[in-house]
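Reviewing the structure listed below.
Numbering (this note's numbering), first residue to last: 644 to 1147.
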């Protein structure tokens, strides 16, 4: 299989899987097996592209030419390769988790869930492999629309309201700002192709560049910069596997990935560094990092706390891009992978707690760590990675982001990164402390069975009552990923070095 053919298969395979999922609505076991097989095949195809891309190849193909010089086209470069590896790999894990969660929770509309999930992953692949801004924009919009049914999955009044917020903000910002920026860029440069050094170099300067940067950054609503972040906490009414998709696998990562692509290939880091038109973006990102962390501290609902944590962590990547130096791009790109594994682990744990104990509020989880030790240990590992403590992967991305601020001689932003890590400790570690060190609440009652395994409703052994095995398996894989990424961070660095303009 040639590289271009592999790219086409990576985008098309989830759509083929979606059709098979819909056709097997009446056969849940077969439907779930198809979902697993499709996700595994996609991961194999994507990881098969890695050797060619890391050796300097840029596989791709042109689907259709709209007008001369403007086509729907695909080309794999290292940053897109990294995002595709994260999205495809975590789709496999999330599918395992979803099967255990959806069945134990007796969720309705499971076929629709898996079908929309497949479309979302296909659109994420399209975003990863886009060769120009037009192609990326098309798949960016498809991703928004395909995830809307997932947000309103429960079809309650709150879910429908959250869906309106989700769709309104993401579609509104992309049409009002992002599309305008893309059209303006086309008229200025005559191209939308992603080009090393930036296509706007020498084509625009001064306030025009600053205004274009504003349109792009606030047009990319999935990056959740304040004050257009509200869609993300609102979407927490969705089932936990959807939250994992939103926060780790595709949606928000598509946002910050697009930010990095725009900074590197549309503006060019040298162009931004030379004119100082991105200073405002640094301060908005820093504001979002700190304020979202402070809001997270006030949330007793676990998923709401994790949602605001995500808002904060996304702005690490935006800030790294806005610092406009090579180390900032490396750190931002690394954080896409590191945060994905850490945050998906935390959401998996939140869902496992809900399934096994029916608890959603942190204040209700006293002593629960002794009842659900595997889940709480996984939560501890994910938390330490998000905090940035070695030997967890998150420590490397935060290290490079700190170096980026130091290289730019911007001590204020070094302080922001350090203060945020302290806030991470403040809003994540209390759950672990409550779970392991506080006595169980008097109103908690746990079944006192002898050894018993109920495959879909959880694992019980004495006082231990854990989530279903599929959920535990997924948490184990992502927790291990948080650790392995620490020891293999050098490979991510080498992959991203050409994107950041670092030779050798």
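Glycine is no exception: its CB is placed at the ideal position from the N, C-alpha and C atoms.
Taking its Cβ as the centre, do 16 or more other Cβ atoms sit within 10 Å of residue 941, making it buried, or is it exposed? Start at 1 with the first residue of the chain shown, and residue 941 comes out as number 298. Exposure of residue 941 is indicated by the presence of fewer than 16 other C-beta atoms within 10 angstroms of its C-beta.
Whole-Å CB distance - residue 883 paired with residue 997, under 8 Å assumed: Stepping through the chain shown from its first residue, residue 883 is reached at position 240. Stepping through the chain shown from its first residue, residue 997 is reached at position 354. Your pair residue 883 and residue 997 checks out as a contact, with CB atoms roughly 7 Å apart and the cut at 8 Å.
Tell me the rounded alpha-carbon separation between residue 756 and residue 742. Residue 756 sits at position 113 when you count from the first residue of the chain shown. Residue 742 sits at position 99 when you count from the first residue of the chain shown. Taking the straight line joining both Cα atoms gives about 11 Å.
Less than 8 Å separating the beta-carbons of residue 932 and residue 872? Counting from one through the chain shown, the residue named residue 932 turns up at place 289. Counting from one through the chain shown, the residue named residue 872 turns up at place 229. For residue 932 and residue 872, no; Cβs fall outside 8 Å.
Buried or exposed: which applies to residue 1094, given that a residue is buried once 16 or more other Cβ atoms fall within 10 Å of its Cβ? The sequence position of residue 1094 within the chain shown is 451, counting from 1. Confidence at residue 1094 is low in this model, with a pLDDT of 40, below 50, so its placement is unreliable and the value that follows should be read with caution. Residue burial annotation: residue 1094 is exposed, with fewer than 16 other C-beta atoms found within 10 angstroms of its C-beta.
Kindly give me the distance between the Cβ atoms of residue 1166 and residue 1108, rounded to whole angstroms, as I take these residues to be in contact under 8 Å. The structure shown does not extend to residue 1166, since the chain is modelled only from 644 to 1147, so the question has no answer here.
Three-pair Cβ contact test at 8 Å for the stretch 1031-1045 versus the stretch 975-991: Cβ pair count under 8 Å is three or more, so yes.
Curious, which full-length alpha helix (DSSP H) runs of at least 4 residues does the stretch 732-785 contain? Counting only runs of 4 or more, we get 753-771.
Where the alpha helix (DSSP H) containing residue 1126 begins and where it ends: Taking the chain shown and counting its residues from 1, the one referred to as residue 1126 is at position 483. Segment 1112-1130, the alpha helix (DSSP H) holding residue 1126.
Report buried or exposed for residue 775, applying the criterion of at least 16 other Cβ atoms within 10 angstroms of its Cβ. Here residue 775 refers to the residue found at position 132 of the chain shown. The C-beta of residue 775 has 16 or more other C-beta atoms within 10 Å across all chains shown, which makes the residue buried.
Decide if the stretch 959-974 is in contact with the stretch 914-932; the criterion is three or more beta carbon pairs, one per stretch, under 8 Å apart. Taking one beta carbon from each stretch, the stretch 959-974 and the stretch 914-932 have 3 or more pairs nearer than 8 Å; the two touch.
At a Cβ threshold of 8 Å, is residue 1053 touching chain C? Absent here is chain C; the protein component of the structure consists of one chain.
Can you list, in chain order, the residues of its chain with a C-beta nearer than 8 Å to that of residue 659? Leave out the 5 residues immediately preceding and following it. The count along the chain shown starts at 1 and reaches residue 659 at position 16. Within the same chain, 681 come within 8 Å of residue 659 by CB-CB distance, once the 5 residues on both sides are set aside.
I'd like the list of long-range same chain contacts for residue 879, defined as Cβ closer than 7 Å, with 5 residues on each side in sequence excluded. On the chain shown, residue 879 is found 236 positions in, with the first residue counted as 1. Cβ within range, chain order: 886, 946, 947 and 950.
For residue 1061, tell me which candidate among 1114, 1071, 1031 and 1070 has the shortest Cα-Cα distance. Your numbering for residue 1061 matches position 418 in the chain shown. For residue 1061, the closest alpha carbon among the candidates 1114, 1071, 1031 and 1070 is that of 1031.
Under 7 Å Cβ to Cβ from residue 944, same chain only, skipping five residues before and after it: list those, please. Position 301 of the chain shown, counting from 1, holds the residue named residue 944. Only 1003 and 1004 meet the Cβ criterion.
From the DSSP output, read off the bridge partner residues of residue 714. Here the question's residue 714 lines up with position 71 in the chain shown. Residue pairing by DSSP puts residue 714 in a beta bridge opposite 708.
Please name the residue in 683, 736, 994 and 1071 whose C-alpha comes closest to that of residue 1026. Within the chain shown, the letter at position 383 stands for residue 1026. Out of 683, 736, 994 and 1071, the CA that lies nearest to the CA of residue 1026 is found in 1071.
Would you kindly check if the distance between the Cβ of residue 908 and the Cβ of residue 834 is under 8 Å? In the chain shown, counting from the first residue as 1, residue 834 sits at position 191. In the chain shown, counting from the first residue as 1, residue 908 sits at position 265. No, Cβ-Cβ distance for residue 834 and residue 908 is not below 8 Å.
Pick from 1054, 1055, 1029 and 1079 that is closest to residue 1019, judged by C-alpha positions: Translated into positions along the chain shown, residue 1019 becomes position 376. With distances taken between Cα atoms, residue 1019 lies closest to 1079.
Let me make sure I understand the geometry here. Which of 686, 739, 1073 and 771 has the alpha-carbon closest to that of residue 674? Within the chain shown, numbered from 1, the residue matching residue 674 stands at position 31. Ranking 686, 739, 1073 and 771 by Cα distance to residue 674 puts 739 first.
Taking the alpha carbon of residue 747 as the point to measure from, which residue in 1122, 1051, 994 and 1050 has its own alpha carbon closest? Residue mapping note: residue 747 aligns to position 104 of the chain shown, counting from 1. Here the closest residue by C-alpha is 994.
Go ahead and pull the three-state DSSP assignment for residue 975. Translated into the one-based positions of the chain shown, residue 975 becomes position 332. Taken through DSSP and simplified to helix, strand or coil, residue 975 comes out as helix.
Straight-line Cα distance separating residue 750 from residue 1111: Here residue 1111 refers to the residue found at position 468 of the chain shown. Here residue 750 refers to the residue found at position 107 of the chain shown. When rounded, the separation of the alpha-carbon atoms in residue 1111 and residue 750 is 15 Å.
I'd like to confirm the pairing. Which residues does DSSP put opposite residue 836 in its beta bridges? Walking along the chain shown from the start, residue 836 turns up at place 193. As DSSP reads the structure, residue 836 sits in a beta bridge with 775.
By the 10 Å Cβ neighbour count, where 16 or more other Cβ atoms means buried, how is residue 1001 classified, buried or exposed? Looking up residue 1001 in the chain shown gives position 358. Looking at its Cβ environment, which holds fewer than 16 other Cβ atoms inside 10 Å, residue 1001 is exposed.
Report whether the distance from the Cβ of residue 1140 to the nearest heavy atom of the ligand GTP is below 7 Å. Among the components of this structure there are no ligands whatsoever, and the ligand GTP is therefore not found.
Once DSSP output is grouped into helix, strand and coil, what is the label at residue 672? Here the question's residue 672 lines up with position 29 in the chain shown. Residue 672 falls in the helix class under three-state DSSP.
Please go through the same chain and pick out, in chain order, the residues whose beta-carbon is closer than 7 Å to the beta-carbon of residue 677, but skip the five residues on each side of it. The residue labelled residue 677 in the question sits at position 34 within the chain shown. Excluding residues within five positions, the ones whose Cβ falls inside 7 Å are 660, 663, 664 and 667.
Taking the alpha helix (DSSP H) that residue 1067 belongs to, which residues open and close that run? Translated into the one-based positions of the chain shown, residue 1067 becomes position 424. Following the DSSP letters along the chain, one finds residue 1067 inside the alpha helix (DSSP H) bounded by residues 1054-1080.
In chain order, what residues of the same chain lie with their CB nearer than 7 Å to the CB of residue 767, ignoring the 5 residues before and after it? Along the chain shown, read from residue 1 onward, the residue named residue 767 stands at position 124. Cβ neighbours of residue 767 within its own chain (closer than 7 Å, five residues either side excluded): 730, 786, 893 and 897.
Measure the Cβ-Cβ separation of residue 764 and residue 734 and say whether it is below 8 Å. Residue numbering aside, residue 764 sits at position 121 when the chain shown is read from its first letter. Residue numbering aside, residue 734 sits at position 91 when the chain shown is read from its first letter. Annotated as proximal: residue 764 and residue 734, with beta-carbon spacing under 8 Å.
What would DSSP say about residue 1041, mapped onto helix, strand or coil? Here residue 1041 refers to the residue found at position 398 of the chain shown. If DSSP states are grouped into helix, strand and coil, residue 1041 belongs with the helices.
If I measure Cβ to Cβ from residue 1056 and keep anything under 8 Å in the same chain, skipping five residues before and after, which residues do I get? Position 413 of the chain shown, counted from the first residue, corresponds to residue 1056. Sequence-distant partners of residue 1056 (beyond 5 residues in either direction) whose C-beta falls short of 8 Å from its own C-beta, in its chain, are 925, 929, 962, 966 and 1048.
Within 10 Å of its beta-carbon, does residue 700 have 16 or more other beta-carbons around it, so buried, or fewer, so exposed? Working through the chain shown from its first residue, we reach residue 700 at position 57. It is exposed - the Cβ of residue 700 has fewer than 16 other Cβ atoms within 10 Å.
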